[in-house]
Every structure is written in C-alpha cells, then in structure tokens.
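Residue numbers (my numbering): 16 to 237. Where a beta carbon is used, it is the ideal one built from N, C-alpha and C, also for glycine. Values in this document were obtained by computation on a predicted structure and should not be read as measured data.
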Amino acid sequence: MREKKSSSFEQTKILLVEDHPIFRKGLKEIINNQPGMVVIGECSSAREAYEIVRTQKPKLAIIDISLKDSNGIALIKEIRQLSPETLVLVLSMHDEHIYAERALRAGARGYVMKHQPPEVVIDAINHILDGKIFVSDDIATKIFTHFIEGLPAHRSPIDLLSDRELEVFELIGQGLGTRQIAERLGVSAKTVENHRAHIKEKMNFTSAIELIQHATLWVQKK
C-alpha cells in the first residue's frame, strides 16, 4: 500500500474540474480530509483547467465528461499533451459503458460513476497514484474480452462514432443547431456539417430529422 505523506510540502496536488459547485465542494472536502492529498485548484471549464495544469502541474486531475465549454474526452487529450506527468481520473454521471473505454484511450487512468460512495473514489485515486488503472468490474471484463477475442462483430452504432462525432451527436440531442455547435467547439459550421454527415452514414440515418430525433432520444435516456 502506498505510504501517505504527512508533510504539506509533499502532499499530492489534485485538480477538480466539475461544473456542479455543490458536488465539487463536497468532493474537495473529502479529498482534503485524506492524508497526503490536497486540492490545489477547482474549476468548471476546460479553459480554466488548462491554465491550472499549465501553471501548477497537479499530480492528478479529476474531471467530468460534461463541462461548460468542452467535452471531458477532449480535455483529457489536451492535459496529456500539455502535462504528461499529470494523471487523469474521470468522475462522471455518464454511462461508463459508453465513455469509459473512450476516456482510457484518450489517456485517463480511471473511470468512476458519480453514484459510487466516497470510499470508491478515494480507492480509485490511490490506485491511479500507485500507477494502476481503475475501472469497474464490468468495464474491466469488457476490455479484457475485447483484448482476448477482438471487438464484437455487432457493436452499438454509438461505438462506431469518433469522440468528436459523439460530442456533436450529444449536442444535437441537446437541441443545438449547426452554428451553435460550431461556436461551442470552436470549429467552422462546415466542419460540423461534415461531422453530421459522417454520423448519418455510420448510424444509417436517412435524413437530418431522423438524426435529430435519435440524438434527442439518446440524450433523454442517458
């Protein structure tokens, strides 16, 4: 078991990236009560997170998938490029069966659902700080099966989407139009239209209306 550090000079610096202030406050208290851990920054946007990582180089960043100005998957990639030594744990309400593998491929070291008790979160933090991967038993089995047998022949259509396409699909389901999505993602409207076309093709939608309907239903069921 990893030895806890008692000196504040040796404390493990942790960044919280979460857009719900009440949840963030509670998580901060839980972490700060752990020996050898201290929250050195908290924010609700990818832009703020990027700046904190750049200036303070936390040992661990705990982030959500949904943020005010970005998608958590994109932020994971940015953090790993900016500060490879910063480890990432995803703590989210979003279904792990959809996002956990994507998060790990992006560079995260663990994925925990928000409904888990605090001790599971702390266990995940300790696992990651010890150089291990932390996911649920279901996800571990799924990943191991993929490794042994290869990807299943009949995957969910959602699994066929790239990380950016999934982000666009979710924003469509939230009711955003092409220009709004472009502004949100910092890309051109043409780029968003290309993503929409790829989504339609991969998911066998015959019209924009069918795309919007399925995206809306998918967001409502999450």
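Quick one: using the 10 Å Cβ neighbour count with 16 as the cut-off for buried, is residue 86 buried or exposed? Counting Cβ neighbours within 10 Å, residue 86 comes out buried, since at least 16 surround it.
Between which residues of its own chain and residue 47 is the CB-CB distance below 8 Å, once the five residues before and five after are set aside? Here the set comprises 53, 54.
Just curious, the alpha helix (DSSP H) that residue 187 is in, first and last residue? That run of the alpha helix (DSSP H) goes 178-188.
For residue 152, count neighbouring C-beta atoms within 10 Å of its own C-beta (all shown protein chains included) and say buried if the count is 16 or more, exposed if not. Exposed is the call here.
Own chain, CB closer than 6 Å to residue 83, minus 5 neighbours either side, in chain order: If we look at residue 83 and ignore the five residues flanking it on each side, its Cβ neighbours are 34, 59, 60.
Can you give me the C-alpha to C-alpha distance between residue 196 and residue 50, rounded to a whole angstrom? Going from the Cα of residue 196 to the Cα of residue 50 covers about 43 Å.
To the nearest whole angstrom, what separates the beta carbons of residue 119 and residue 79, a pair I think is in contact under 8 Å? 16 Å between Cβ atoms; not a contact.
Between residue 125 and residue 139, how many whole angstroms is the CB-CB distance? I'm expecting something under 8 Å. Right, their Cβ atoms sit about 5 Å apart.
Could you check whether the Cβ of residue 149 sits closer than 7 Å to any heavy atom belonging to the ligand COA? Ligands displayed in this structure: none; no statement on the ligand COA is therefore possible.
Please go through the segment 123-155 and give each complete beta strand (DSSP E) segment of 3 or more residues, from N-terminal end onward. Listed in chain order, they are 125-128.
According to DSSP, residue 54 sits in a beta bridge with which residue or residues? Here residue 54 is bridged, per DSSP, to 29.
Nearest by alpha-carbon distance to residue 30: which of 144, 77, 227, 38 is it? Of the candidates 144, 77, 227, 38, the one whose C-alpha sits nearest the C-alpha of residue 30 is 77.
Out of 41, 221, 25, which has the shortest C-alpha to C-alpha gap to residue 136? From the listed residues 41, 221, 25, the smallest Cα separation to residue 136 is found for 41.
Of the listed residues 37, 89, 104, 156, nearest to residue 112 (C-alpha basis): From the listed residues 37, 89, 104, 156, the smallest Cα separation to residue 112 is found for 156.
To the nearest angstrom, how far is it from the Cα of residue 230 to the Cα of residue 236? Each residue's Cα considered, the two are about 10 Å apart.
Smallest Cα separation from residue 117: which of 132, 150, 101, 97? The closest CA to that of residue 117, considering only 132, 150, 101, 97, is found on 150.
By Cβ distance, which residues of its chain are closer than 6 Å to residue 108, with the 5 residues on each side in sequence left out? Once the five neighbours on either side are set aside, the close Cβ partners of residue 108 are 129.
Please state whether the Cβ-Cβ distance between residue 181 and residue 199 is less than 8 Å. Their beta carbons are not under 8 Å apart, which means residue 181 does not touch residue 199 by this criterion.
Of the residues 134, 66, 102, the one placed nearest residue 27, counting alpha carbons only: Nearest to residue 27 by alpha-carbon distance, out of 134, 66, 102, is 102.
When the Cα atoms are used, what is the spatial distance from residue 160 to residue 176? Between the C-alpha atoms of residue 160 and residue 176 there is a straight-line separation of about 21 Å.
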